[in-house]
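Trainee:
Numbering (this note's numbering), first residue to last: -6 to 67.
1. Taking the straight line between their C-alpha atoms, what separation do you get for residue 51 and residue 35?
2. Taking the straight line between their C-alpha atoms, what separation do you get for residue 53 and residue 25?
3. Can you tell which of 29, 39, 42, 7 has the C-alpha that lies nearest to the C-alpha of residue 72?
4. In angstroms, rounded to a whole number, what distance separates the CA positions of residue 8 and residue 20?
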């Protein structure tokens, strides 16, 4: 059985926040962040480990294209 990666991830986030820089977090509604919403909808890794992608999953490529098209307008 593998240990959950969450405590290590949480610890790393705290380490980054404690560095000598300004960090802020803000809530983005799911409808405004379709890529993150699509990623969250992907099936969980059955062994509980974090999955790193070399390429975006097919399920979010259209949302990524939309983001690239809209980003220059912001």
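Yeah, the Cβ is synthetic: ideal placement off N, Cα and C, and Gly gets one too.
Mentor: Let me spell this out:
1. By 1-based counting over the chain shown, the position of residue 51 is 58. By 1-based counting over the chain shown, the position of residue 35 is 42. Cα-Cα distance, rounded: 10 Å.
2. The residue given as residue 53 occupies position 60 in the chain shown. The residue given as residue 25 occupies position 32 in the chain shown. When the Cα atoms are used, residue 53 and residue 25 turn out to be separated by approximately 14 Å.
3. Nothing about residue 72 can be reported from this structure: the residues present for the chain run from -6 to 67 only.
4. Counted from its first residue, the chain shown places residue 8 at position 15. Counted from its first residue, the chain shown places residue 20 at position 27. Taking the straight line from one Cα to the other gives about 21 Å.
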